[in-house]
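Okay, structure first, notes after.
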Amino acid sequence: MLSYRHSYHAGNYADVLKHTVLIHILEHLKKKDKPFCYIDTHAGAGAYSLQSEQAEKTQEYTQGIARLWQRADLPECIQTYVDQIKQANLSDELTHYLGSPMIAQQRLRRQDQLKLYELHNTEVEILNDSMQRDRRVQIFHEDGFKHGVGLMPPQQRRGLVLIDPSYEIKTEYQQVVVTLEQMYKRFATGTYVLWYPVVDRERINLLERQLKATAIKNIQLFELAQSADSNEHGMMASGLIVINPPWTLKAQMQEALPYLAKHLGLNKAGDFRIEQLKEE
Ligand SMILES: C[S@@+](CC[C@H](N)C(=O)[O-])C[C@H]1O[C@@H](n2cnc3c(N)ncnc32)[C@H](O)[C@@H]1O
1 MLSYRHSYHA GNYADVLKHT VLIHILEHLK KKDKPFCYID THAGAGAYSL QSEQAEKTQE
61 YTQGIARLWQ RADLPECIQT YVDQIKQANL SDELTHYLGS PMIAQQRLRR QDQLKLYELH
121 NTEVEILNDS MQRDRRVQIF HEDGFKHGVG LMPPQQRRGL VLIDPSYEIK TEYQQVVVTL
181 EQMYKRFATG TYVLWYPVVD RERINLLERQ LKATAIKNIQ LFELAQSADS NEHGMMASGL
241 IVINPPWTLK AQMQEALPYL AKHLGLNKAG DFRIEQLKEE
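Be aware that the sequence shown starts at 1, since it is given in my numbering, and climbs by one per residue.
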């Protein structure tokens, strides 16, 4: 039984980094006319009200997107992201947030496709409503880990896979490595983005070591910390592991991550990491 609902976390500092990177990669793929496929193995609901009971309860977005909302000095890639969320809001007030499927749906072209996986009964219903019978979109009420591998390579032979689990089940730290290895074996030229939370640093150290030990090449890591590592409960940082990133991504992150660490860090303890885990 899945209990995770992304509505508690929509628009938090982890979403800011994840969705900024997602947009940058989608825009890069769009530079060529050739169609591509966007695959979201853990899609969530697609769109979120920040006035919902869940969002009101945690207020996580107040330490994420809300801190950037009125700023006039945003780095380019963060500005592009904030602009898209602004378009989803009817007024200057921040009341709505977009999930990864809707961010992608709004950016993809007629020739592109979206394949979205969501296991949670309620979330998949909301996702179906959010996507509004778009012919480019296929929604599967299935396990994105298992079925996502079967999709590789996409028929377009160009694509981006976002793997964004909640890590509710601790075996998911291992499952993401196995899934990436299997996907990469079938589709080595695809771009992959894996999200991870830093709740226990040792788990992430192990994840990095395991990924480095695979045959996967060209791996970059981008991490944003809200506070320093500690043994207390909760997520202190979160990051993205990107396989076959666009060549432009690192430079954008070199500008964006110090900015985000400064403005989204708590008690001046914000920090970031940019690393090349494996060479091309
Ligand atoms: C972190 S949320 C996704 C957020 C979304 N990617 C975004 O950025 O807006 C993770 C979602 O994955 C779903 N989920 C969990 N295990 C899954 C699985 N094996 N296959 C597909 N969806 C799964 C959960 O129900 C939850 O809605």
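The beta-carbon is built from N, C-alpha and C at its ideal position, and this holds for glycine as well.
Reducing DSSP to helix, strand and coil, say where residue i ends up.
i: V199; result: coil
i: D129; result: helix
i: R273; result: strand
i: D40; result: strand
i: T234; result: Reading off the sequence, residue 234 comes out as Gly, not Thr. In the structure shown, G234 sits in coil (DSSP, three-state: anything other than H, G, I, E or B).
i: I287; result: A question about residue 287 goes unanswered here, because the residues of the chain that appear run from 1 up to 280.
i: Q63; result: helix
i: K278; result: strand
i: H96; result: strand
i: I219; result: strand
i: L257; result: helix
i: Y50; result: The amino acid occupying residue 50 in the given sequence is Leu; Tyr does not appear at that position. Residue state, collapsed to three classes: coil.
i: L90; result: coil
i: Q111; result: coil
i: T214; result: coil
i: L180; result: helix
i: A228; result: coil
i: Y4; result: coil
i: L68; result: coil
i: T248; result: coil
i: L119; result: coil
Run the CB neighbour count on residue i, radius 10 Å, all protein chains shown included, and call it buried at 16 or more, exposed below.
i: Q87; result: exposed
i: Q252; result: buried
i: L90; result: exposed
i: N12; result: buried
i: A237; result: buried
i: S3; result: exposed
i: A72; result: exposed
i: E56; result: exposed
i: H233; result: exposed
i: Q226; result: buried
i: T189; result: exposed
i: K115; result: buried
i: S100; result: buried
i: T171; result: exposed
Can we count residue i as close to ligand 1, meaning its CB is less than 7 Å from some heavy atom?
i: E118; result: yes
i: F145; result: yes
i: P165; result: yes
i: S230; result: no
i: T41; result: yes
i: L290; result: Since the first residue of the chain shown is 1 and the last is 280, residue 290 is not available in this structure.
i: G64; result: no
i: S100; result: yes
i: L180; result: no
i: E60; result: no
i: T150; result: Note that residue 150 corresponds to Gly in the displayed sequence, not to Thr. No, ligand 1 has no heavy atom inside 7 Å of this Cβ.
i: H6; result: yes
i: K18; result: yes
i: G44; result: yes
i: D271; result: no
i: E123; result: yes
i: L26; result: no
i: L281; result: For the chain, the structure presents residues 1 to 280; residue 281 sits outside this window and is missing.
i: L2; result: yes
i: D15; result: yes
Residue i and residue j look like a contact to me (Cβ under 8 Å); what is the Cβ gap, rounded to whole Å?
i: Y8; j: L50; result: Going by Cβ atoms, the distance from Y8 to L50 rounds to 11 Å, so no, they are not a contact pair.
i: V193; j: M235; result: Actually they do not touch by this definition, with Cβ atoms about 18 Å apart.
i: A261; j: A228; result: At roughly 12 Å, the Cβ-Cβ gap does not stay under 8 Å, so A261 and A228 are not in contact.
i: Y38; j: L151; result: Between L151 and Y38 the Cβ distance is about 11 Å, and since that is not below 8 Å, they are no contact.
i: L108; j: G46; result: With a Cβ gap of about 14 Å, L108 and G46 do not count as contacting.
i: H24; j: L249; result: 6 Å
i: F145; j: T41; result: 6 Å
i: E118; j: H147; result: Rounded, the Cβ-Cβ distance is 11 Å, inconsistent with contact.
i: Y61; j: A10; result: 6 Å
Could you give the uninterrupted runs of the beta strand (DSSP E) lying entirely in the stretch 129-178, keeping only those of 3 residues or more?
137-140 and 159-163
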